[in-house]
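One structure is given below, encoded as structure tokens.
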Amino acid sequence: MTLNDQQSSAHTIEELSCRIARLAIALDVPLSTDAEVAHAINHCKFVAANEQLGHNADCHETFLINSTADRRQLHLHAELRALLTMRYNIESHYVEEFGVIATRQILIEAQTQLEREGFQQGAAGIDLDQLFSRN
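Quick note: to get the numbering used here, add 1 to the position in the sequence shown (first position is 1).
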């Protein structure tokens with residue numbers, strides 16, 4: 002892996018993580034722990050047309066949609082869920098392609114940049130200390 006590849010990969014993760022952090026803050030969705038990240042991914046809200054109560058078998062929550070603001074919030078939740086899933090898939094690909102050490106460095110570079118931009122460590126749902134201290 003060249004330095005340019007590593008910088009490009011870190012930039013990709015950084016952009017995804019930045020959007021994830023912004024969405025999580027806007028939606029007041031905590032992503033500090035693995036359980037909170039799993040909840041954000043696995044629990045979704047279903048858009049119900051014409052103010053009907055909706056339910057989706059893949060979701061664990063249902064509720065009534067009665068405004069454009071509700072629909073917007075649901076769209077943002079869906080985006081958050083998709084970006085978390087996408088980032089996980091990209092990280093897995095990096096581990097396979099570049100190895101654990103290079104992937105760790107990529108994630109550290111991305112997290113460092115997020116902190117420079119004012120985000121707290123873990124705001125985007127990655128706790129690097131915990132992630133790399135696992136057996």
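For each residue, glycine too, the CB sits at the ideal point set by N, CA and C.
Cβ separation of residue i and residue j, assumed to be a contact under 8 Å, to the nearest whole Å
| i | j | result |
| --- | --- | --- |
| GLN8 | ALA103 | Between ALA103 and GLN8 the Cβ distance is about 12 Å, and since that is not below 8 Å, they are no contact. |
| LEU17 | LEU84 | 6 Å |
| ARG88 | ILE14 | 7 Å |
Own chain residues within Cβ distance below 7 Å of residue i, not counting five before or after
| i | result |
| --- | --- |
| HIS1 | Only positions 2 to 136 of the chain appear in the structure, and residue 1 is not among them; the question remains open. |
| GLU116 | GLN122 |
| LEU129 | LEU108, ILE109 and GLN112 |
CA-to-CA distance, residue j to residue i, given in whole angstroms
| i | j | result |
| --- | --- | --- |
| GLN112 | ALA70 | 31 Å |
| SER93 | SER68 | 38 Å |
| PHE99 | GLU110 | 15 Å |
| SER33 | ILE26 | 12 Å |
| ALA1 | GLN131 | Any property of residue 1 remains undetermined from this structure, which presents the chain solely from 2 to 136. |
| PHE120 | ASN90 | 23 Å |
| VAL30 | GLN114 | 22 Å |
| GLU80 | VAL101 | 28 Å |
| THR86 | SER10 | 17 Å |
Neighbourhood of residue i by C-beta distance below 6 Å, restricted to the same chain and skipping five residues each side
| i | result |
| --- | --- |
| ARG105 | PHE133 |
| ALA39 | none |
| ASP59 | Residue placement at ASP59 is flagged as unreliable, the pLDDT there being 49, under the threshold of 50; the coordinate-derived value follows with that caveat. Result list for ASP59: empty, nothing under 6 Å. |
Sequence-distant residues of the same chain with beta carbon closer than 8 Å to residue i, five excluded per side
| i | result |
| --- | --- |
| VAL96 | THR104 |
| GLU118 | CYS19 |
| LEU141 | Because the chain here runs from 2 to 136, residue 141 falls outside it and cannot be looked at. |
Legend entry - Sufficient close CB pairs (3 or more, under 8 Å) joining the region 12-22 to the region 122-134: yes
- What are the uninterrupted segments assigned as alpha helix (DSSP H) that are 4 or more residues long and contained completely in the region 96-126, given in chain order? List check, alpha helix (DSSP H) in window: 101-117.
Any alpha helix (DSSP H) of 4 or more consecutive residues that is wholly inside the region 13-49 = Listed in chain order, the alpha helix (DSSP H) runs fully inside the region 13-49 are 35-43, counting runs of at least 4 residues.
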